[in-house]
DNA sequence: CTTTAAATTTGAGCGAACTCAATAATTTTC
DNA sequence: GAAAATTATTGAGTTCGCTCAAATTTAAAG
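Protein chains in written order, with this note's numbering: chain A, 23 to 235; chain B, 23 to 235.
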């Protein structure tokens, strides 16, 4: 049987997290004090800090939830993408963007991203960065899959190009969360223009272009 | 004649900034307290906040200095770029990276970027974002120039592609400042691989490829 | 040169994240 | 089952960014 201590530990951990996530989403990160979270979880502030490094650590739980679901969703697209390059990329990226407000608000995304950059080399940042890397890998996988199917030029470095695409979709997402009034549709449109340009370059040489030698 | 008031104002502003920049670079952003800056500038904390919105505003001065010099440097590259696409892009981007540690350390960059994201819609963020936009424009201008010279495919959206390139170089720079042990050479190598991929796609149809119709 | 008005400086005080020595609860030992 | 040892909780206290009412300095008016 699990000892009383272990059981209480699990329970408290869960209660603190639940309280934090609820309050963050309902009032925003900055407006919620650690004291409020502790009170809602019926523990003292000291205990809260016994379970989590800092306030940001609590936020990471939400982010992880969000990104892991997004990754799962992406698997299907990579497995059998549309035959058109731009369409395939927009489907994957659009899936990321559409899911992005399931658990997190723009403010929470901003905070999470800021913490990741500022407090680099902390567990928080490293876990966040690992999620980013998983997303990059997924984009690379899609590019490779498009090449495998002969839909995209095979002579280009799929990993390098996948990184470029992830970097640009991520940077555009940062701009999106920075502008409170920008809609997801506007974000998608801006990225679609970039995807269009890349898709044109990446198009497999068709009947109108052919090596001479 | 400039009144006593105006003269003292200019002097104090300058003294505060100088003190902040010196202390930031020598001890790091977090380690320096606003009280320390005020003391070094021989004013009270209240006065410091009369001249600057907040601690981050002081950092912005350094960032602005850095980016404005970088932009100036880039003008020459855009005006007469090397004939090779990859070489031209790497020259511009390498120039950005090489200059990046002239006034700022990695820690200061991290802080500045984090503040820009977190405190979006503040003057700080908007000025930083404007600098980013200038850099994007410069990359776009280089792509357009390469097209004008017939070095790059002319049928692709130069603005969209320029944005993609800036986004990726910026994101890679973020990764760089996040890893304290990563060298500029390693950063350049990683970006060069991406530039290589794009340059291949962007190569103007040469003697070995030609439209059939 | 006073008096009045305007602008500027000042530093004690506030709020919120986080710490740590004292206390309490649980487990182990005999 | 009592005592000792281990582990966890607690909340007052510390720190630092930032504010604001009072005091001071400079400029303008009479």
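Beta carbons are placed, not taken as given, at the ideal position from N, Cα and C, and that holds for glycine.
Within the continuous alpha helix (DSSP H) that includes residue i, where are the two ends?
{"i": "residue 145 (chain A)", "result": "145 to 170"}
{"i": "residue 40 (chain A)", "result": "26 to 49"}
{"i": "residue 58 (chain A)", "result": "56 to 62"}
{"i": "residue 195 (chain A)", "result": "180 to 200"}
Measuring CB to CB, does residue i end up less than 8 Å from residue j?
{"i": "residue 32 (chain B)", "j": "residue 65 (chain B)", "result": "no"}
{"i": "residue 216 (chain B)", "j": "residue 193 (chain A)", "result": "no"}
{"i": "residue 60 (chain A)", "j": "residue 54 (chain A)", "result": "no"}
{"i": "residue 75 (chain B)", "j": "residue 145 (chain B)", "result": "yes"}
{"i": "residue 173 (chain A)", "j": "residue 115 (chain A)", "result": "no"}
{"i": "residue 190 (chain A)", "j": "residue 190 (chain B)", "result": "yes"}
{"i": "residue 83 (chain A)", "j": "residue 43 (chain A)", "result": "yes"}
{"i": "residue 219 (chain A)", "j": "residue 120 (chain B)", "result": "no"}
{"i": "residue 151 (chain A)", "j": "residue 138 (chain A)", "result": "yes"}
{"i": "residue 51 (chain B)", "j": "residue 130 (chain B)", "result": "yes"}
{"i": "residue 111 (chain B)", "j": "residue 187 (chain B)", "result": "yes"}
{"i": "residue 63 (chain B)", "j": "residue 49 (chain B)", "result": "no"}
{"i": "residue 143 (chain B)", "j": "residue 143 (chain A)", "result": "no"}
{"i": "residue 125 (chain A)", "j": "residue 88 (chain A)", "result": "yes"}
{"i": "residue 175 (chain B)", "j": "residue 221 (chain B)", "result": "no"}
Can a CB atom of chain A be found closer than 8 Å to the CB of residue i?
{"i": "residue 178 (chain B)", "result": "yes"}
{"i": "residue 222 (chain B)", "result": "yes"}
{"i": "residue 186 (chain B)", "result": "yes"}
{"i": "residue 75 (chain B)", "result": "no"}
{"i": "residue 147 (chain B)", "result": "yes"}
{"i": "residue 55 (chain B)", "result": "no"}
{"i": "residue 143 (chain B)", "result": "yes"}
{"i": "residue 123 (chain B)", "result": "no"}
{"i": "residue 139 (chain B)", "result": "yes"}
{"i": "residue 112 (chain B)", "result": "no"}
{"i": "residue 189 (chain B)", "result": "yes"}
{"i": "residue 215 (chain B)", "result": "yes"}
{"i": "residue 126 (chain B)", "result": "no"}
Can you tell me which of the three DSSP states residue i falls into?
{"i": "residue 110 (chain A)", "result": "helix"}
{"i": "residue 208 (chain A)", "result": "helix"}
{"i": "residue 142 (chain A)", "result": "coil"}
{"i": "residue 105 (chain A)", "result": "coil"}
{"i": "residue 174 (chain A)", "result": "strand"}
{"i": "residue 98 (chain B)", "result": "helix"}
{"i": "residue 53 (chain B)", "result": "coil"}
{"i": "residue 219 (chain A)", "result": "helix"}
{"i": "residue 225 (chain B)", "result": "strand"}
{"i": "residue 65 (chain B)", "result": "coil"}
{"i": "residue 203 (chain B)", "result": "coil"}
{"i": "residue 75 (chain B)", "result": "coil"}
{"i": "residue 127 (chain A)", "result": "coil"}
Using a beta-carbon distance below 8 Å, is residue i in contact with chain B?
{"i": "residue 204 (chain A)", "result": "no"}
{"i": "residue 192 (chain A)", "result": "yes"}
{"i": "residue 183 (chain A)", "result": "yes"}
{"i": "residue 160 (chain A)", "result": "no"}
{"i": "residue 170 (chain A)", "result": "no"}
{"i": "residue 196 (chain A)", "result": "yes"}
{"i": "residue 294 (chain A)", "result": "Nothing in the structure corresponds to residue 294 (chain A), since chain A is present only between 23 and 235."}
{"i": "residue 200 (chain A)", "result": "yes"}
{"i": "residue 133 (chain A)", "result": "yes"}
{"i": "residue 218 (chain A)", "result": "yes"}
{"i": "residue 136 (chain A)", "result": "yes"}
{"i": "residue 47 (chain A)", "result": "no"}
| request: For the stretch 159 to 168 of chain B and the stretch 131 to 150 of chain B, state whether three or more C-beta atom pairs, one from each stretch, are separated by less than 8 Å. | output: Cβ pair count under 8 Å is below three, so no.
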